[in-house]
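Position one of the sequence shown corresponds to residue 61 (the numbering used here), numbered consecutively onward. By construction, the Cβ of each residue, glycine as well, lies at the ideal position given by its N, Cα and C atoms. Predicted model, so just to flag it, every value in this text is computed and none were measured.
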Amino acid sequence: MDRNRHGRKYRCPARRHRHGLALGLGDDAARRLAAGSAGHRARGAGGVGAPHARPPVRIRGLGAGPRPARDHRRRRRRRAPAGDARGQDRGAGAGRPGAEQGAERHGFAAVDRADAGRDSGRHLRHRQCGRLQRGLVRGGNARLLRSGDRHGPGGLPRAPDVGRAGGRRPAPVITVGILGGGQLARMLALSGAPLGLRFLVMDTSPDACAGQFAPMVVGDYRDETALAEFASRVDVATFDFENVPAESARWLAERVPVFPSPRALATAQDRLAEKTLFRELGIPVPDFVPVDSREELEAAVAHVGAPCILKTRRLGYDGKGQFRIRQTRGNGGASVDDAWEALGAQAEKVGLIVEAFVPFERELSVVAMRGRDGEFRSWPLTENWHVDGVLSASLAPARVDDAMAAQALGHAQRLADAVGYVGVFALELFQRDGVLLANELAPRVHNSGHWTIEGSETSQFENHMRAVAGLPLGDTRMLGHACMLNWIGAMPDPAPVLAESGGHWHDYGKAPREGRKVGHATLRSDDPAALAQALERVGATLGREAQVAPVVARLRG
């Protein structure tokens with residue numbers, strides 16, 4: 061028989077080997093009413109270890125503090141819930157709807173009661189037997205300390221630790237894949253980096269200039285193995301030129317989102333499909349006739365009239381794949397016979413089309429964009445000058461009246477909506493007798509929009525990345541007047557441009573080559589007269605007077 065602390069006898073059930081007689085402290089009488097409270101148990105290997113370093117006074121944290129100790133401890137030493145071996149915090153206090161996962165705690169240090177049984181130095185929440193389980197460490201009625209009987213609402217728990225289980229995680233990084241590794245891909249990557257985007261470029265050449273700023277997959281655009289590797293590493297894909305095979309774009313679109321869509325790409329790749337769509341949308345175009353044979357070429361030239369232009373239906377840009385026919389017969393080097401000799405072999409490969417020659421007054425372009433949600437925005441019209449079919453200079457804003465500007469923007473928006481376009485594109489136009497005739501659609505960022513890098517609130521490159529990534533579109537307001545000068549073949553001396561207060565230089569990192577776009581410069585000013593003077597200085601110093609002359613004349617006209 062055993063006796064409890066009140067002297068009453070009781071029978072304790074059979075216990076495990078470590079349970080022995082209940083021994084009180086030697087000074088329990090001297091403690092009088094506090095005889096049941098904790099004494100000072102000697103420290104030892106099985107007892108309390110060295111105290112934790114703490115401030116000299118207790119500092120209450122932001123949380124509600126530890127829960128009060130109590131005698132209802134059937135939990136024994138269960139482990140924390142599954143999931144990174146972390147435990148469940150106590151319920152959230154006032155004003156907090158949920159709870160956070162936290163590490164399992166032992167509560168207060170294990171200091172034994174005066175009436176504790178043998179082997180009391182074990183885990184604080186172990187029960188000794190059916191009776192005499194540990195009560196409150198300092199005595200008292202545990203029922204008064206239930207969580208529902210706290211004095212007033214508890215304090216707010218500490219702010220959630222996002223690194224703990226169930227915490228918030230940062231938004232995933234979007235990797236944009238670009239098919240084509242030229243200067244447009246390079247500038248897309250440079251503009252998208254501040255948005256937190258990552259890039260992967262696919263090109264047929266390991267020396268593509270975009271590879272200087274983004275990792276690359278090198279392979280043919282029709283190689284499914286290379287395309288599969290590319291698709292596995294990107295979240296969304298786009299293009300830096302329009303001659304990526306449409307079937308490859310469709311294959312890719314079955315695996316990742318592709319913007320612009322393969323449909324828009326295929327339309328822009330085929331001049332016949334493009335011109336047919338223009339007509340269907342009520343956008344004026346020069347007369348055109350498809351050609352598949354030498355006989356059809358003669359009939360087409362007779363219908364359209366000379367002069368006219370024979371073009372490949374696909375794979376033509378920057379004046380490539382074109383032949384100007386000035387006469388139907390003769391030895392002048394520009395006849396139907398000469399045209400067929402130059403391009404006739406392409407009839408079976410990519411198809412041919414004859415277009416009427418337009419004696420235009422000006423060449424204009426609309427650089428615009430459409431978001432995933434259908435929002436449409438554009439920059440002011442740009443006037444362009446070409447040499448040998450390659451863009452030489454651009455001026456923005458073009459000096460056109462409001463009615464013509466509205467007409468151009470209307471054409472561009474109808475076209476973008478019709479094909480469900482997403483991203484930046486350019487619609488090239490001819491102005492003749494107050495009418496705008498559509499020349500072609502470029503389903504990508506465009507050379508005539510390079511001035512937007514410094515001349516607009518948001519560049520065409522950044523806005524293309526915003527549209528493709530599903531981000532809000534940026535402001536397209538102009539910052540004064542801007543002129544872009546293309547560098548073809550080789551880079552000139554940058555000093556004259558950089559000496560101007562509004563001068564900006566872009567080197568594409570490409571090896572010099574005749575007819576190759578290797579860089580550009582942009583000059584910007586709030587005053588058109590000041591911009592004209594800056595262009596004259598740059599042209600005279602670099603020996604580029606002929607290149608800047610038409611722009612200067614327009615600024616002063």
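Bridge partners of D567 according to DSSP: G579. Where W511 is concerned, there is no enclosing alpha helix (DSSP H), because DSSP gives it neither an H nor an E.
Around the C-beta of S308, 16 or more other C-beta atoms lie within 10 Å, and the residue is accordingly described as buried. Contact between the segment 461 to 479 and the segment 561 to 578 is not established, with fewer than three Cβ pairs separated by less than 8 Å. Given a length threshold of 4 residues, each whole run of the alpha helix (DSSP H) inside the segment 370 to 416 is given here in chain order: 396 to 403.
Short of 8 Å from the beta carbon of L496, and not among the five residues preceding or following it, lie these beta carbons of its own chain, in chain order: P344, L424, M464, Q467, A468, H471, L489 and F490.
The secondary-structure analysis by DSSP pairs M544 across a beta bridge with S454 and T582. Beta bridge pairing from DSSP links V261 with I238 and M276.
DSSP places N444 inside the beta strand (DSSP E), whose first and last residues are T442 to V447. In the DSSP annotation of this structure, the continuous segment of the alpha helix (DSSP H) that includes T327 starts and ends at P322 to Q329.
In summary, V277 is buried, with 16 or more beta-carbon neighbours lying within 10 Å of its beta-carbon over all protein chains present. Judged by beta-carbon spacing, V349 lies within the 8 Å limit of V414, meaning their Cβ atoms are closer than that value. Residue nearest to S452 within the set V460, T442 and D461 is T442 (criterion: CA-CA distance). Straight through space, the alpha carbons of V364 and D347 are spaced by roughly 7 Å. Rounded to whole angstroms, the gap between the alpha carbons of V233 and S251 is 16 Å.
DSSP places M538 in the strand class (E or B) of the three-state scheme.
Each of L403, R386 and G381 was checked against the Cα of S353, and the nearest Cα belongs to L403. Note: S438 is bridge-paired with A428 in the DSSP secondary-structure output. Here F348 is bridged, per DSSP, to E415. Taking 8 Å as the upper bound for CB-CB distance, G241 and A288 are not in contact here, some 18 Å apart. L469 is bridged by DSSP to nothing; it lacks a bridge partner. Between V351 and V316, the gap from beta carbon to beta carbon reaches 8 Å or more. Close CB contacts of P554 within its chain, under the 6 Å cut and outside five residues either way in sequence, are with W565 (chain order). For R584, the number of other beta carbons within 10 angstroms of its own is at least 16, and it is reported as buried. In this structure, the CA atom of A590 is about 49 Å from the CA atom of A291. For G252, the uninterrupted alpha helix (DSSP H) segment begins and ends at Q243 to G252. Segment contact: the segment 256 to 270 against the segment 498 to 516, fewer than three CB-CB distances shorter than 8 Å; contact not assigned. Beyond the five residues adjoining it in sequence on each side, M544 comes within less than 6 Å, by CB distance, of S454, H510, W511, H580 and T582 in the same chain, given in chain order.
Within the DSSP bridge table, the entry for E522 names no partner. Inter-residue distance for D300 and P266 is about 16 Å (C-alpha atoms, whole angstroms). The Cβ atoms of R374 and A527 do not sit closer than 8 Å to each other.
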